[in-house]
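K.L.:
Residue numbers (mature numbering (1 follows the signal peptide of the UniProt record, and there is no 0)): -19 to -1, 1 to 110.
1) Determine the direct distance from the alpha carbon of residue 61 to that of residue 85, and round the result to whole angstroms.
2) Checking the sheet assignment: what are the DSSP bridge partners for residue 55?
3) Closest to residue 38 by CA distance: which of 63, 65 and 78 is it?
4) Please name the residue in 53, 58 and 26 whose C-alpha comes closest to that of residue 8.
5) Roughly how many whole angstroms lie between the Cα atoms of residue 29 and residue 45?
6) Let me know the secondary structure DSSP gives residue 88 once reduced to three states.
7) Please name the residue, chosen from 50, 21, 23 and 26, that lies closest to residue 12 on a Cα-to-Cα basis.
8) Could you name the residues of the same chain whose beta carbon sits closer than 8 Å to that of residue 22, not counting the 5 residues immediately before and after it, in chain order?
9) Between the Cα of residue 24 and those of 40, 57 and 5, spot the shortest distance and give me the residue it belongs to.
What follows is the structure, given as structure tokens:
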């Protein structure tokens, strides 16, 4: 019985020492597939999960292309994510008619599963996806 207790303590300690788990993906169209299925154990110094949401035209050249969401997620430090958050504050407009980029930072295992994809329409109403 004491061996089981020792193993349990070791496993709990191992998880708390190794830290955070975050969803990871890079420039995926929408918050699906890799963005909600791929998880990474963060490095010890990384205490934050980050999500970057881009609303822009496709990377390939397409005449009159409609804008799309591109999502990137990963591990980060709180300071770095906060700097990025404030750095993008002026371009995080969430207007439907122009490109924008926003960052979301959170602490907690897999806290970046969901992202806020909200745009302002020409009637100033907001909707989520």
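Backbone N, C-alpha and C define an ideal beta-carbon position, used for all residues, glycine too.
P.N.:
Well, looking at it:
1) Taking C-alpha positions only, residue 85 is separated from residue 61 by approximately 12 Å.
2) 31
3) 78
4) Nearest option by C-alpha distance: 53.
5) 37 Å
6) coil
7) Answer by Cα proximity: 50.
8) Excluding residues within five positions, the ones whose Cβ falls inside 8 Å are -2, -1, 1 and 2.
9) 57
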